[in-house]
Amino acid sequence: LPAGKTFSSWRETDSSIPLPTQHALATLEWVGRAENLAVSGPSGTGKTHFVEALAHAVIDAGMRVSWFSLESLTAAIGRAAVDGSITKTITRITRAEMIVVDDIGMLPSGQAAAEAFYRLVDAAYERRSVVVTSNLHPSGFDTIMPKTLATAAVDRLLHHAHVVITEGTSLRLQDATAGRGVMPLT
């Protein structure tokens with residue numbers, strides 16, 4: 001997982017995610033039901049930290065997690081296309097109970113990214129939990145990837161999804177301006 005962030009470093013009261021929602025998602029019941037999670041909102045509002053903490057909880061509960069950025073997912077599927085192993089690669093990815101695609105929309109996406117995302121969501125549909133984080137609500141994914149594939153992927157993603165919207169200013173920027181971004185030099 002990207003940064004080792006767990007619930008021990010999560011500041012639940014600083015988050016704009018309602019406490020009852022945080023606590024309900026932390027039970028992981030939704031993962032057992034193969035429900036999805038879409039967390040969207042401005043940069044720095046805790047989307048990735050919260051999802052990484054959930055992912056660590058999933059691992060601690062004895063389940064598996066696959067973690068990707070949209071770019072790394074696209075690269076993995078692209079490599080599989082070259083050697084004809086797309087089905088095998090998707091099967092391997094979907095062995096995990098939770099599959100995370102982090103920061104969708106941070107970089108431009110094209111046809112290959114849309115195809116990779118669609119293949120993953122379609123294969124996991126009603127079988128595994130797909131979790132996405134984005135500065136865009138999933139209904140806006142058709143603004144960053146081809147409309148037909150985005151619409152089909154989002155339709156499957158949101159059919160059984162918990163949608164969480166974060167708001168506010170960047171917690172990272174707040175930490176930096178309050179002098180909490182670095183350790184003092186000695």
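So the sequence shown is numbered by the UniProt record's numbering: it starts at 1 and just counts up by one.
Idealized CB from N, CA, C, for every residue including glycine.
Please read these numbers as outputs of a predicted model, since none were measured by experiment.
Item                                                                                                                                                 : Value
Using three-state DSSP, classify H56 as helix, strand or coil.                                                                                       : helix
May I ask which residues mark the beginning and end of the alpha helix (DSSP H) holding H160?                                                        : Taken as a continuous stretch (DSSP letters only), H160 belongs to no alpha helix (DSSP H), as it is neither H nor E.
What would DSSP say about L1, mapped onto helix, strand or coil?                                                                                     : coil
Just confirm the distance between the C-beta atoms of H56 and T6, as a whole number of angstroms; I'd bet it's less than 8 angstroms.                : 5 angstroms
Based on Cα-Cα distance, which residue from V154, H23, H49 and A26 lies nearest to S9?                                                               : H49
Is L157 buried or exposed, if buried means 16 or more other CB atoms sit within 10 Å of its CB?                                                      : buried
I believe L100 touches F117 by the beta-carbon criterion, under 8 angstroms. Please report the beta-carbon distance rounded to the nearest angstrom. : Per the sequence shown, the amino acid found at residue 100 is Val instead of Leu. Not really, about 12 angstroms apart at Cβ, beyond 8 angstroms.
Ignoring anything shorter than 4 residues or poking outside the stretch 84 to 164, list the alpha helix (DSSP H) runs there in chain order.          : 86 to 93, 111 to 124 and 147 to 159
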